[in-house]
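Protein chains in written order, with this note's numbering: chain A, 1 to 287; chain B, 1 to 335; chain C, 1 to 311.
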């Protein structure tokens, strides 16, 4: 690499221009982009509103002109509900992933910076979080507090923070040990400058890979909760919700379940594929 | 005589080592009562092998760690608490040069940005003047503007160390602590970097504490030298005198091991015994297990630094204050 | 060695204490516990008696200690629905849940581990890719989707198996398969990477170079060492024997602990929720502890105390 000129080296460093990206990853990216577009433009694209009932056409099969994916037991257009569900599910998943990443990273930095008692507390909380099945904890909180959308996002935001915290703490400590954090501190930089301008950019790639691992798990978790009727509440709809309602009509109208279920599976799969590929490229040391 | 820029008074630093969660706790005394002055514009060399406490001393002199007891004064004011705002703003006046330049630099920032960072941190000048100053700094250490655009891993070891030096000089500090700055470099590059430091010192009137285990490098750059063994200074004095006529048995062994032109090749003194381990200090004089002149008193009592000539001190029980030397004859008399 | 276990036990107790604290905090934060546990329709004298009995007028730290004491004595409140003690309700459902999770665990171990080992031994081949593709499918498909699809195929379309309830052994087949497949996928992936890591170690290559038959190398060197990290994840699965079937039980209307929990959450029957929470915590902690102990015996490095709790 040293014999390339400066601009050439910088171009090679940009990951997006890597020559060989496997087809699976390309397909996955395309799917995710499509999903994102849907989430953003649901209002514009959806043929009907979320709750509009067409009672004459209940349980109609997919493929007819008025309702491309059929209708459910109340005559609501499955396609429209699907589009809105995608938006809600993605909203929760992104919100939760962002919250847990920020929370986890901050706690990890606090643990690394202050060491001592604070570090022990953070580690203990992380152990606790890792050892209890999150679904049970989530159910307990939902039982006590009820399910509003804000609560749900905040609750999901507590999923996986311990992974970011461990990573951030470990890498911050080794940055200090390695020297550059210590060297910059010794220049007179404030701790926040060291953490946010130096350490964070250096660990960002590892954190991002973790985010791609956590994101699909959040989708699955939220879908599971909504399926049980304890997540997103009507009139809002999420992918899990739709599957939950479809249960009774499994025999008569399987398409009501298959549309959201397929979306869940494909989206989770796509993010996992992208995450695996990113991990191989950026940080082969992560398992 | 003007007051010294840096005054170190009997600093002590111990670390508690604990093996495992319920393991034994041992006290590791890294620095055990070190005192010296550094005058404005001069370089004090600090020599010793690993485990002697020289790096820890360097960190305490800069205030990166606080001594358990004793004091460090810079420009006649006590060192502020590590990490406080006062300490941070004082960094503009004193800096450290590290052993491994690659790990002292952020691998994701270009060199020029890192050289400029102290100016950003201490809010010196505006964007335009900072850019000008950055170029000036790069030039003063022999780096080009283009090299400034590169990342640390794209430069050679010597160039990286120059960059670190440029960064350290950004705020026009009065005092530099160099902790083994050339040990990680190839021998041919070492000379270049040392020469650069010497030139910069002359040009900018820098005061330096130069820490190294390599005598050849130390004598090139230092006016005075302090020799450390297991956390204490065993000999202190003018560099040329010290190397020409070392008094302390340890210094004599060190000097005999390092070849120097123009000196008669005297017999090499080979030290016996185990290398110094700060976790297991010998009683009495820390050097006695390896000293061929050790006698009864050495096992019981630790010697103090005694002045044998103006600006020349030794810590050895065999010091003959009349002649100002350390002689084996004295041991026979004492035995 | 003793140190090693002592540390682990202390940690386990701290985790339980943390769970109890969590329950306490959440309970207090969400409103007046008397109203919540007794129900909004309870007459005022009952509420007052409850408050007195639970010391709800005492300072908060005292309530905390009392809460701990109550838990230790097993007083976990009564269900709002039928007034029976929560513990009893939960205890009677445990066998039903275990009837699903234990066979499912055997399924996970029986499919997942061999698949993972096979994939690792034939790395890069068709077998490896097939196993990995199946594994990825296994854990990206959520359990409720898998369950419903199985119901759709086998119960609705083919009519071979019933779709819900607990009336016969045939009712258990689909839930067990649903539970087993997801876990098998995770286990397969994990076992594969553990094996790959071990196979890449120098001592494996040395054994092979010494002329030891490949089979023996795998059996005597690779497998035992790969078993160590795999034990952790199996331990986690054992720990979720009670908690792991929440969604599946709902899909198949199977009357186990999971279903009880979901209904209790929907009805805000907090005593039951609290009871399940603590039961799950105790199970997880116990199984983690067992795994740690097992580690102590399996990993000779830990046996000699070389790593006395330094984290």
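For glycine and all other residues, C-beta sits at the position ideal for the given N, C-alpha and C.
By the criterion of Cβ-Cβ separation under 8 Å, what are the contact partners of residue i in chain C?
{"i": "residue 127 of chain A", "result": "11 and 15"}
{"i": "residue 247 of chain A", "result": "148 and 251"}
Assign residue i to one of three DSSP states: helix, strand, or coil.
{"i": "residue 176 of chain B", "result": "strand"}
{"i": "residue 80 of chain B", "result": "coil"}
{"i": "residue 49 of chain B", "result": "coil"}
{"i": "residue 269 of chain B", "result": "coil"}
{"i": "residue 310 of chain C", "result": "Reliability of the predicted coordinates at residue 310 of chain C is poor, the pLDDT of 36 falling under 50, and the value obtained from them is presented with this limitation in mind. Looking at residue 310 of chain C - three-state DSSP - the assignment turns out to be coil, as it is neither helix nor strand."}
{"i": "residue 141 of chain C", "result": "coil"}
{"i": "residue 114 of chain B", "result": "helix"}
{"i": "residue 7 of chain B", "result": "strand"}
{"i": "residue 253 of chain A", "result": "coil"}
{"i": "residue 287 of chain B", "result": "coil"}
{"i": "residue 33 of chain B", "result": "strand"}
{"i": "residue 249 of chain C", "result": "helix"}
{"i": "residue 15 of chain A", "result": "Residue placement at residue 15 of chain A is poorly supported in this model, since its pLDDT is 49, which falls under 50; the coordinates are not used for a value here."}
{"i": "residue 69 of chain B", "result": "strand"}
{"i": "residue 133 of chain C", "result": "helix"}
{"i": "residue 98 of chain B", "result": "coil"}
Measuring straight from C-alpha to C-alpha, what distance separates residue i and residue j?
{"i": "residue 43 of chain C", "j": "residue 83 of chain C", "result": "15 Å"}
{"i": "residue 277 of chain A", "j": "residue 180 of chain C", "result": "27 Å"}
{"i": "residue 202 of chain B", "j": "residue 327 of chain B", "result": "38 Å"}
{"i": "residue 172 of chain B", "j": "residue 93 of chain B", "result": "7 Å"}
{"i": "residue 208 of chain B", "j": "residue 291 of chain B", "result": "31 Å"}
{"i": "residue 306 of chain B", "j": "residue 247 of chain B", "result": "12 Å"}
{"i": "residue 240 of chain C", "j": "residue 151 of chain C", "result": "24 Å"}
{"i": "residue 105 of chain C", "j": "residue 262 of chain C", "result": "22 Å"}
{"i": "residue 4 of chain B", "j": "residue 296 of chain B", "result": "38 Å"}
{"i": "residue 222 of chain A", "j": "residue 180 of chain A", "result": "41 Å"}
{"i": "residue 275 of chain C", "j": "residue 86 of chain C", "result": "6 Å"}
{"i": "residue 305 of chain C", "j": "residue 147 of chain B", "result": "Confidence in residue 305 of chain C is poor, its pLDDT being 44 and thus under 50, which makes the residue's placement too unreliable to answer from."}
{"i": "residue 1 of chain A", "j": "residue 191 of chain B", "result": "Reliability of the predicted coordinates at residue 1 of chain A is poor, the pLDDT of 46 falling under 50, and the value obtained from them is presented with this limitation in mind. Taking the straight line joining both Cα atoms gives about 28 Å."}
{"i": "residue 293 of chain B", "j": "residue 252 of chain B", "result": "12 Å"}
{"i": "residue 273 of chain A", "j": "residue 190 of chain C", "result": "17 Å"}
{"i": "residue 131 of chain B", "j": "residue 84 of chain B", "result": "29 Å"}
Given the structure, does residue i come close to the ligand SAH, in the sense that its CB is under 7 Å from one of the ligand's heavy atoms?
{"i": "residue 49 of chain C", "result": "By its list of ligands, the structure shown contains no ligand whatsoever, and the ligand SAH lies outside what it can speak to."}
Which residues in chain A sit within 8 Å of residue i, going by Cβ to Cβ distance?
{"i": "residue 302 of chain B", "result": "Within 8 Å Cβ-Cβ: nothing; residue 302 of chain B doesn't reach chain A, min ~33 Å."}
{"i": "residue 118 of chain B", "result": "187 and 188"}
{"i": "residue 288 of chain C", "result": "131"}
{"i": "residue 280 of chain C", "result": "132, 133 and 136"}
Can you tell me the Cβ-Cβ gap for residue i and residue j, rounded? I've got them flagged as a contact below 8 Å.
{"i": "residue 47 of chain B", "j": "residue 212 of chain B", "result": "7 Å"}
{"i": "residue 264 of chain C", "j": "residue 138 of chain A", "result": "With 8 Å as the limit, residue 264 of chain C and residue 138 of chain A do not qualify as a contact, their Cβ atoms being about 14 Å apart."}
{"i": "residue 78 of chain A", "j": "residue 90 of chain A", "result": "The Cβ separation is near 18 Å, so there is no contact."}
{"i": "residue 196 of chain B", "j": "residue 162 of chain B", "result": "7 Å"}
{"i": "residue 167 of chain A", "j": "residue 212 of chain A", "result": "With a Cβ gap of about 13 Å, residue 167 of chain A and residue 212 of chain A do not count as contacting."}
{"i": "residue 56 of chain B", "j": "residue 13 of chain B", "result": "6 Å"}
{"i": "residue 107 of chain A", "j": "residue 161 of chain A", "result": "7 Å"}
{"i": "residue 102 of chain B", "j": "residue 137 of chain B", "result": "Actually they do not touch by this definition, with Cβ atoms about 19 Å apart."}
Count the other C-beta atoms from every protein chain shown that fall within 10 angstroms of the C-beta of residue i, then say buried if there are 16 or more, exposed otherwise.
{"i": "residue 335 of chain B", "result": "Reliability of the predicted coordinates at residue 335 of chain B is poor, the pLDDT of 46 falling under 50, and no value is obtained from them."}
{"i": "residue 17 of chain B", "result": "exposed"}
{"i": "residue 164 of chain A", "result": "buried"}
{"i": "residue 198 of chain C", "result": "buried"}
{"i": "residue 284 of chain C", "result": "buried"}
{"i": "residue 336 of chain B", "result": "Coverage of chain B is limited to positions 1 through 335, which leaves residue 336 of chain B absent and any answer about it impossible."}
{"i": "residue 201 of chain C", "result": "exposed"}
{"i": "residue 86 of chain B", "result": "exposed"}
{"i": "residue 99 of chain B", "result": "buried"}
{"i": "residue 174 of chain A", "result": "exposed"}
Can you pull the chain B residues whose beta carbon is under 8 Å from the beta carbon of residue i, in chain order?
{"i": "residue 180 of chain A", "result": "103, 104, 105, 106 and 107"}
Under 7 Å Cβ-Cβ, which residues of chain C neighbour residue i?
{"i": "residue 115 of chain A", "result": "What residue 115 of chain A touches in chain C: nothing, since even the nearest Cβ is about 13 Å away."}
{"i": "residue 103 of chain A", "result": "Those do not exist, as residue 103 of chain A stays about 17 Å from chain C at its closest Cβ, beyond 7 Å."}
{"i": "residue 251 of chain A", "result": "156"}
{"i": "residue 268 of chain A", "result": "140"}
By the criterion of Cβ-Cβ separation under 7 Å, what are the contact partners of residue i in chain A?
{"i": "residue 144 of chain C", "result": "224, 227 and 243"}
{"i": "residue 268 of chain C", "result": "143"}
Quick one: which chain A residues come within Cβ less than 9 Å of residue i?
{"i": "residue 238 of chain C", "result": "In chain order: nothing, as chain A lies at least about 12 Å away."}
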